[in-house]
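J.:
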Amino acid sequence: MEFNPADNIQDLQYFGEFGGVNPSISDSSTYTFLSAKTMFDTFEGNADGCYLYSRHSSPSNLYLDKALAAMEGTEAACVAASGMGAITSTLLQLCQSGDEVVSSRTIYGGTYAFLKNFAPKLGINTVFCDFTKPEIVEKAITSKTKILYCETVSNPLLEVVDIAAMSKIAKKHNLKLVVDNTFSPLSVAPAKLGADIVIHSLTKYINGSSDTVAGVSCGSREFVNDMKNVNTGAAMLLGPTMDSLRSSSVMKNLRTLHIRIKQHSRNAQYLAEKFESIGLKTVYPGLKSHPGHDIYKRMMNPEYGFGGMLTIDVGSLEKANELMELMQQRNLGYLAVSLGFYKTLFSAPGTSTSSEIPLEEQKEMGLTDGLIRFSIGLDNDIERTFLNMKSCMEELGVLTTVSA
Ligand SMILES: *Cc1c(COP(=O)(O)O)cnc(C)c1O
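Note that the UniProt record's numbering numbers the sequence shown so that position 221 is 221, with each residue one more than the last.
#1: Rounded to whole angstroms, what is the Cα-Cα separation between Val-160 and Thr-132?
#2: Using a Cβ-based criterion (distance less than 7 Å to any ligand heavy atom), does Ile-87 qualify as near ligand 3?
#3: For a test of the three-state rule: what should DSSP assign to Asn-331, helix, strand or coil?
#4: Look at the alpha carbon of Val-101 and the alpha carbon of Ser-201, and state the distance between them as a whole number of angstroms.
#5: Any heavy atom of ligand 1 within a distance shorter than 7 Å of the CB on Glu-273?
#6: Examine the Cβ distances between the region 142-151 and the region 171-189 and report whether three or more of them are shorter than 8 Å.
#7: Our contact map puts Ile-124 next to Cys-95 with C-beta atoms below 8 Å; I'd like the distance itself, whole angstroms only.
#8: Starting from Ala-189, trace the alpha helix (DSSP H) in both directions and tell me its first and last residue.
#9: Can we count Phe-183 as close to ligand 1, meaning its CB is less than 7 Å from some heavy atom?
#10: Any chance the CB of Val-213 is under 7 Å from a heavy atom of ligand 1?
#11: Tell me the start and end of each unbroken alpha helix (DSSP H) in the region 270-352 that is at least 4 residues and wholly inside, in chain order.
#12: Quick one, which of Lys-288, Ile-206, Glu-360, Ser-355 has its alpha-carbon nearest Leu-68's?
#13: Using a 10 Å radius around the Cβ and a threshold of 16 neighbouring Cβ atoms, would you call Asn-155 buried or exposed?
#14: For Phe-183, tell me which candidate among Phe-15, Ser-265, Lys-144 has the shortest Cα-Cα distance.
#15: Bridge partners of Cys-218, per DSSP?
#16: Considering just the uninterrupted stretch of the beta strand (DSSP E) at Phe-374, what are its terminal residues?
#17: Opposite Glu-151 in the DSSP bridges: which residues?
#18: On the DSSP letters alone, give me the boundaries of the alpha helix (DSSP H) that Asn-388 sits inside.
#19: Phe-128 lies in the alpha helix (DSSP H); which residues open and close that run?
#20: Cα-Cα, which of Leu-359, Lys-288, Ser-247 is closest to Gly-27?
#21: Do three or more CB pairs link the region 229-244 to the region 276-284 at distances below 8 Å?
#22: Please return the same chain residues whose Cβ sits closer than 7 Å to the Cβ of Ala-164, not counting the five positions on each side in sequence.
#23: How would you write the range of the alpha helix (DSSP H) that Val-250 sits in, first residue to last?
#24: Quick one: residues in its chain with C-beta nearer than 7 Å to the C-beta of Ser-167, no 5 flanking neighbours on either side, listed in chain order?
#25: For a test of your reading of the model: does the CB of Asn-253 fall under 7 Å from any non-hydrogen atom of ligand 1? Yes or no.
#26: So, helix, strand or coil for Tyr-112, using DSSP?
#27: Roughly how many whole angstroms lie between the Cα atoms of Val-213 and Thr-203?
#28: What residues match up with Ser-104 in a beta bridge as DSSP calls it?
#29: Sorted by chain position, which residues of the same chain lie with C-beta nearer than 8 Å to Ala-404's C-beta, five sequence neighbours on each side aside?
#30: Would you kindly report the start and end of the unbroken alpha helix (DSSP H) that includes Pro-59?
#31: How far does the alpha helix (DSSP H) with Gly-85 in it reach, from first residue to last?
#32: May I have the straight-line CA-CA distance separating Tyr-14 from Ser-58, to the nearest angstrom?
#33: Using DSSP with H/G/I as helix, E/B as strand and the rest coil, what is Val-137?
#34: Check the DSSP bridge columns for Val-160 and list the partner residues they point to.
#35: From Asp-219 to Lys-66, what distance separates their C-alpha atoms?
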């Protein structure tokens, strides 16, 4: 049977305390016990179904944990108050002083900064390399390596990693493969391709309304129990806990994710094809010209498409800024970081979300000045959007510059 993440979410059934169609929100930080013995057992991790204290677990968070585990096809999941909360607690759970991480060099700016600037303070060092080339990744592995870390579709260059190939390397060297799947929920299920832990910034597509930050780590029951362990768990001890009110709100948005992703993908595919046809340098995994197109196609759940993220290169930062400002004036989207909103969002990654990466390294990885990253919205009439965007480009002379 085909793995269908949206069906798995749809099939869950949680009722509220009074038969409500939504589960009740747990509005408590602490929980009573009928007997002192059960409280002791809960501390020891031996009282399944009992709640202790909401930094450890809460009914609302457990519902969302289960729904996200069902989506990724993992045994369990652990939500966090932000994507970075999920990423840092996962890495610190798996690594100790002296360990090394081999990471993709094109990752979210915050993750890059954490691995490059913060983790070394704890004796955890990272080698960054090109994850589109499995042989380079394998060469970077040493006896100290514990983790391979990458994003399915990388931020902001939209490079596609062959997760199955990475999983093979990870297994051969006894490493954990950790994959940030924020750009490709439903469309790619990394755990089904051999990833050990799948992370999301729920802030983006999964919540989809740009009204919160949130995150999750999905993995084995053993890994999630370790994360939540009262004495040794990063999720418990570092305290990146999601609030119950927020988790119930994220869960309600998760239920429409499949509809939204299909529309984001359809709109992005349309615009990418149109942009490419008018001579713009366009990067989108759904284009045949994309170096990772075939790999993505092999990994994907086809009904969800190639996602909502695309980039164009308009030649210079000045042109990029002018174009983004004009498109915002014409209400074609917002000049804002982040992704997964109903409106199109655009930003110049070199000066925003990837500014943590030093300039010469940006150049080396192909992160050019004129790059604009788009998170394509849920526009009802994408043809109209395209025509309006094209007028903006014509007015600013972007098209003549790029085709010259
Ligand atoms: C936004 C983002 C993060 C960080 O998530 P927050 O919710 O902002 O903490 C991590 N990875 C990727 C790919 C992202 O886009």
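Using N, Cα and C, we set each Cβ at its ideal position, and we do this for glycine too.
Remember, predicted model here, so these are calculated numbers, not experimental data.
T.: Walking through what the data contain:
#1: In this model, Val-160 and Thr-132 are separated by some 7 Å (Cα to Cα).
#2: With respect to ligand 3, the structure shown offers nothing to examine, as its ligands consist of ligand 1.
#3: In the structure shown, Asn-331 falls within a coil segment according to DSSP collapsed to helix, strand and coil.
#4: Computed Cα separation, rounded: 20 Å.
#5: The answer is no for Glu-273.
#6: Flag = yes, the region 142-151 and the region 171-189 touch.
#7: Indeed, because the Cβ distance is near 5 Å, the residues count as touching under 8 Å.
#8: DSSP places Ala-189 outside any alpha helix (DSSP H), giving it a letter other than H or E.
#9: Under cutoff, so the answer is yes.
#10: For ligand 1, at least one heavy atom lies less than 7 Å from the Cβ of Val-213.
#11: If we require 4 residues or more, the alpha helix (DSSP H) runs fully inside the region 270-352 come out as 293-299, 317-329.
#12: Selected option, being the one with the closest Cα: Ile-206.
#13: The residue in question, Asn-155, is buried, as its Cβ has 16 or more Cβ neighbours within 10 Å.
#14: Minimum Cα distance to Phe-183 is reached at Ser-265.
#15: DSSP lists Ala-77, Val-198 as partners of Cys-218.
#16: For Phe-374, the enclosing beta strand (DSSP E) starts and ends at 371-375.
#17: According to DSSP, which records beta bridges pairwise, Glu-151 is partnered with Asp-180.
#18: Asn-388 -> alpha helix (DSSP H) spans 382-395.
#19: First-last for Phe-128: 125-129, but that is the beta strand (DSSP E), not the alpha helix (DSSP H).
#20: Checking the sequence shown, residue 27 turns out to be Asp, not Gly. Out of Leu-359, Lys-288, Ser-247, Ser-247 has the C-alpha closest to the C-alpha of Asp-27.
#21: For the pair of segments examined, the region 229-244 was found not to touch the region 276-284: the number of CB pairs separated by less than 8 Å stays below three.
#22: Result list for Ala-164: Leu-193, Gly-194, in chain order.
#23: Taken as a continuous stretch (DSSP letters only), the alpha helix (DSSP H) holding Val-250 covers 244-254.
#24: Closer than 7 Å at the Cβ level, and outside the excluded window around Ser-167, lie Leu-177, Leu-193, Gly-194, Ala-195.
#25: Flag unset: Cβ of Asn-253 not near ligand 1.
#26: Shown here, Tyr-112 sits in a helix according to DSSP, grouped into three states.
#27: Each residue's Cα considered, the two are about 5 Å apart.
#28: The partner list for Ser-104 (beta bridge, DSSP) reads Cys-129.
#29: Any reading at Ala-404 must be qualified, since the residue scores a pLDDT of 48, below 50, and its modelled position is unreliable; the value itself is stated next. None.
#30: From DSSP, the alpha helix (DSSP H) with Pro-59 extends over 59-72.
#31: First-last of the alpha helix (DSSP H) with Gly-85: 83-94.
#32: When rounded, the separation of the alpha-carbon atoms in Tyr-14 and Ser-58 is 15 Å.
#33: Residue state, collapsed to three classes: helix.
#34: DSSP lists Val-153 as the bridge partner or partners of Val-160.
#35: Checking the sequence shown, residue 219 turns out to be Gly, not Asp. Their backbone Cα atoms lie some 11 Å apart in a straight line.
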